[in-house]
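Enquirer:
Numbering (my numbering), first residue to last: 1 to 407.
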């Protein structure tokens with residue numbers, strides 16, 4: 001019989017906006033929107049995060065910033081400060097690690113913790129959960145919501161239902177009592193399309209699914225039907241995985257004005273590729289693949305991907321393939337809104353095939369050595385200390401925002 005686990009899901013409340021209110025007391029109690037410059041309602045880009053005060057006006061993350069401005073023009077609009085959020089995230093995770101090594105970060109402000117064994121040192125799991133909330137509030141001035149349950153799914157639902165500033169416990173044996181009245185949309189893996197199909201089958205609540213025949217769900221949804229049925233019954237045996245490798249590293253750029261200028265697009269892709277290459281070297285990994293993201297003025301988005309042989313962490317190599325992928329996109333006649341470059345199929349830099357000798361290994365090693373020298377110069381003198389000559393050309397369109405993705 002599997003031992004009963006104690007799993008915590010901790011999620012910071014309105015993290016970016018809360019950090020801004022912490023650092024700027026004048027913002028407290030006011031609607032705060034973190035994201036692009038709204039430019040009086042004509043701005044481009046989206047809302048990265050917002051305070052609970054802003055949410056009362058209908059503002060939500062990922063909403064166009066122009067709409068957020070129209071909903072609440074009196075809100076405090078601030079640009080994201082990634083370094084500050086990362087600093088606070090590190091301090092939060094440092095507190096969490098004092099209580100368990102079994103921590104699985106999900107994002108900059110969210111994590112699962114397995115505190116099953118921690119109870120020998122720190123007492124009951126519910127006490128650990130409340131201690132974490134109290135320490136984050138007293139030491140950092142921020143608020144976390146927590147779900148505590150026998151598995152990851154139940155813990156996540158608990159923290160969601162408890163927001164803001166909640167601490168919801170699902171006791172062993174009470175899984176069905178907790179889940180049964182909830183809407184089916186609370187189940188992981190149930191998006192709008194699956195929800196519509198389940199509703200056509202007569203399901204409205206999780207309890208109705210739990211009481212159904214798993215064979216009926218499998219007949220309609222395949223293996224996904226069994227997964228949904230098990231979750232509806234409170235079953236989830238996935239462990240907390242503390243060491244997850246980055247699956248991709250990328251960055252993207254939204255132009256402040258849609259552009260047809262291929263020179264501007266080329267320079268932007270080159271700069272993005274250099275940034276991704278630098279992050280790959282910082283992480284000590286190589287990319288075995290690259291993905292291009294493209295969005296036109298009609299918000300039509302496409303992606304194109306290719307393998308890289310051998311794997312690389314050099315911006316030139318990423319750019320060459322990204323530029324080639326762009327030629328496969330039918331965009332002539334369209335204005336370009338966004339481009340992005342993402343490195344995929346990451347492998348450790350040490351011991352990889354990139355070190356094997358080939359006819360062109362000398363040139364490749366020279367490029368890698370040059371990239372490392374550039375890294376050292378920037379580390380010592382700043383990111384603007386050295387750059388490509390081609391990136392010094394005027395960038396009439398290049399005043400948009402950049403957004404990091406991946407780890």
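Backbone N, C-alpha and C define an ideal beta-carbon position, used for all residues, glycine too. The structure displayed is predicted, hence computed values, not measured ones.
(1) Using only the alpha-carbon positions, how far apart do residue 142 and residue 242 sit?
(2) With 16 other CB atoms within 10 Å as the buried threshold, where does residue 311 fall?
(3) Quick one, are the C-beta atoms of residue 168 and residue 265 less than 9 Å apart?
(4) With DSSP run on the structure shown, which of helix, strand or coil describes residue 337?
(5) Does residue 197 come out as helix, strand or coil in the three-state DSSP assignment?
(6) Between which two residues does the beta strand (DSSP E) containing residue 108 stretch?
(7) Where does residue 164 fall in DSSP's three states?
(8) Considering only the alpha carbon of each residue, which of 36, 32 and 44 lies closest to residue 57?
(9) If the criterion is Cβ atoms closer than 9 Å, does the pair residue 205 and residue 236 meet it?
(10) Taking its Cβ as the centre, do 16 or more other Cβ atoms sit within 10 Å of residue 104, making it buried, or is it exposed?
(11) Please report how far the alpha carbon of residue 12 lies from the alpha carbon of residue 263, in whole angstroms.
(12) Taking the Cβ atom as the reference point for each residue, do residue 145 and residue 124 lie within a distance shorter than 9 Å?
(13) State the DSSP-derived secondary structure class of residue 353, mapped to helix, strand or coil.
(14) Enumerated in chain order, which unbroken segments of the beta strand (DSSP E) with a length of 3 residues or greater are wholly contained in the segment 5-44?
(15) So that I know if they touch, is there some Cβ in chain D lying closer than 9 Å to that of residue 110?
(16) Looking at C-beta atoms only, is the number of pairs between the segment 188-199 and the segment 223-230 that lie closer than 8 Å three or more?
(17) Would you kindly work out how many angstroms separate the C-alpha atoms of residue 30 and residue 323, rounded to a whole number?
(18) Could you tell me whether the Cβ atoms of residue 151 and residue 284 are closer together than 9 Å?
(19) For residue 347, which residues from the same chain have a beta carbon less than 7 Å from its beta carbon, with the 5 sequence-adjacent residues on both sides left out?
(20) Helix or strand or just coil, what does DSSP make of residue 213?
(21) In angstroms, rounded to a whole number, what distance separates the CA positions of residue 353 and residue 309?
(22) Less than 8 Å between the CB atoms is what I'm expecting for residue 290 and residue 344, so what's the real figure, rounded?
(23) Does residue 262 come out as helix, strand or coil in the three-state DSSP assignment?
(24) Relative to the C-alpha of residue 15, which residue among 112, 97, 85 and 307 is closest?
(25) Are the segment 69-86 and the segment 37-57 in contact at 8 Å, needing three or more beta carbon pairs?
(26) Use the C-beta contact count for residue 273: other C-beta atoms within 10 angstroms, 16 or more gives buried, fewer gives exposed.
(27) DSSP state of residue 145, grouped into three classes?
(28) Among residues of its own chain, excluding the 5 on either side of residue 9, which ones have a beta-carbon nearer than 6 Å to its beta-carbon?
(29) Determine the burial state of residue 210: buried for a count of at least 16 other Cβ atoms within 10 Å of its Cβ, exposed for fewer.
(30) Specify, as a first and last residue, the run of the beta strand (DSSP E) that residue 140 falls within.
(31) Alpha carbon to alpha carbon, how far is residue 271 from residue 49?
(32) Tell me the residue span of the alpha helix (DSSP H) that contains residue 53.
(33) Near residue 182, which residues of its chain fall below 6 Å by C-beta distance, leaving aside the five closest residues on each side in sequence?
(34) Taking all protein chains shown into account, decide if residue 121 is buried (16 or more other Cβ within 10 angstroms of its Cβ) or exposed.
(35) With distance defined between alpha-carbon atoms, name the residue in 74, 176, 305 and 82 nearest to residue 321.
(36) Taking the beta strand (DSSP E) that residue 414 falls in, what are its first and last residues?
Expert: On the basis of the coordinates in this document:
(1) The sequence position of residue 142 within the chain shown is 142, counting from 1. The sequence position of residue 242 within the chain shown is 242, counting from 1. Those two C-alpha atoms are separated by around 24 Å.
(2) In the chain shown, counting from the first residue as 1, residue 311 sits at position 311. Only buried fits residue 311, as 16 or more other CB atoms lie within 10 angstroms of its CB.
(3) Mapped onto the chain shown, residue 168 falls at position 168. Mapped onto the chain shown, residue 265 falls at position 265. Taking 9 Å as the Cβ cut-off, residue 168 and residue 265 do not qualify as a contacting pair.
(4) One-based indexing of the chain shown puts residue 337 at position 337. Strand at residue 337.
(5) Start at 1 with the first residue of the chain shown, and residue 197 comes out as number 197. Residue state, collapsed to three classes: helix.
(6) Counting from 1 along the chain shown, the entry for residue 108 is found at position 108. Here residue 108 belongs to no beta strand (DSSP E), and DSSP marks it neither H nor E.
(7) Numbered from its first residue, the chain shown carries residue 164 at position 164. Reduced to three states, the DSSP call for residue 164 is coil.
(8) Looking up residue 57 in the chain shown gives position 57. Of 36, 32 and 44, the residue nearest in Cα terms is 32.
(9) Along the chain shown, one-based indexing puts residue 205 at 205. Along the chain shown, one-based indexing puts residue 236 at 236. When the beta-carbon positions are compared, residue 205 and residue 236 stay at least 9 Å from each other.
(10) On the chain shown, residue 104 is found 104 positions in, with the first residue counted as 1. It is buried - the Cβ of residue 104 has at least 16 other Cβ atoms within 10 Å.
(11) For the purposes of this step, residue 12 is taken as the residue at position 12 of the chain shown. For the purposes of this step, residue 263 is taken as the residue at position 263 of the chain shown. It is roughly 42 Å from the alpha-carbon of residue 12 to the alpha-carbon of residue 263.
(12) Taking the first residue of the chain shown as position 1, residue 145 is located at position 145. Taking the first residue of the chain shown as position 1, residue 124 is located at position 124. The answer is no: Cβ separation not under 9 Å.
(13) Residue 353 sits at position 353 when you count from the first residue of the chain shown. Summary for residue 353: the model assigns pLDDT 41, below 50, so the residue's position carries little reliability, and this model does not support an answer.
(14) If we require 3 residues or more, the beta strand (DSSP E) runs fully inside the segment 5-44 come out as 7-12 and 32-35.
(15) In the displayed structure, chain D is absent; only one protein chain is listed.
(16) Short answer: they touch.
(17) Along the chain shown, one-based indexing puts residue 30 at 30. Along the chain shown, one-based indexing puts residue 323 at 323. Rounded to the nearest angstrom, the two C-alpha atoms are 45 Å apart.
(18) Residue 151 sits at position 151 when you count from the first residue of the chain shown. Residue 284 sits at position 284 when you count from the first residue of the chain shown. With contacts defined as CB atoms closer than 9 Å, residue 151 and residue 284 fail to qualify as a contacting pair.
(19) In the chain shown, residue 347 corresponds to position 347, counting from 1. Sequence-distant partners of residue 347 (beyond 5 residues in either direction) whose C-beta falls short of 7 Å from its own C-beta, in its chain, are 285, 286, 288 and 311.
(20) The residue given as residue 213 occupies position 213 in the chain shown. If DSSP states are grouped into helix, strand and coil, residue 213 belongs with coil.
(21) Mapped onto the chain shown, residue 353 falls at position 353. Mapped onto the chain shown, residue 309 falls at position 309. Because residue 353 sits at a pLDDT of 41, beneath the cut-off of 50, its placement in the model cannot be relied upon, and the point is left open.
(22) Position 290 of the chain shown holds residue 290. Position 344 of the chain shown holds residue 344. About 7 Å separates the two Cβ atoms, so the contact holds.
(23) Residue numbering aside, residue 262 sits at position 262 when the chain shown is read from its first letter. Of the three classes helix, strand and coil, the one that applies to residue 262 here is helix, per DSSP.
(24) Position 15 of the chain shown, counting from 1, holds the residue named residue 15. Residue 15 has its Cα closest to that of 85, out of 112, 97, 85 and 307.
(25) Proximity of the segment 69-86 to the segment 37-57 meets the contact definition, three or more beta-carbon pairs being nearer than 8 Å.
(26) Counted from its first residue, the chain shown places residue 273 at position 273. With 16 or more other Cβ atoms from the protein chains shown falling within 10 Å of its own Cβ, residue 273 counts as buried.
(27) By one-based count along the chain shown, residue 145 stands at place 145. The answer is strand: DSSP assigns residue 145 an E or B state.
(28) What you label residue 9 is simply residue 9 of the chain shown in a count that begins at 1. Correct list, in chain order: 112, 147, 155, 156 and 159.
(29) The count along the chain shown starts at 1 and reaches residue 210 at position 210. Residue 210 should be labelled buried.
(30) Here residue 140 corresponds to residue number 140 of the chain shown, with the count starting at 1. Unbroken run through residue 140: none, as it is neither H nor E.
(31) Looking up residue 271 in the chain shown gives position 271. Looking up residue 49 in the chain shown gives position 49. One C-alpha to the other measures close to 26 Å.
(32) Mapped onto the chain shown, residue 53 falls at position 53. Here the alpha helix (DSSP H) through residue 53 covers 52-55.
(33) Position 182 of the chain shown, counted from the first residue, corresponds to residue 182. When the five nearest sequence neighbours on each side are left out, the beta carbons in the same chain lying within less than 6 Å of the beta carbon of residue 182 are those of 206, in order along the chain.
(34) Counting from one through the chain shown, the residue named residue 121 turns up at place 121. So residue 121 ends up on the exposed side.
(35) Taking the chain shown and counting its residues from 1, the one referred to as residue 321 is at position 321. The candidate whose alpha carbon is nearest that of residue 321 is 305.
(36) Nothing about residue 414 can be read from this structure; the chain reaches only from 1 to 407.
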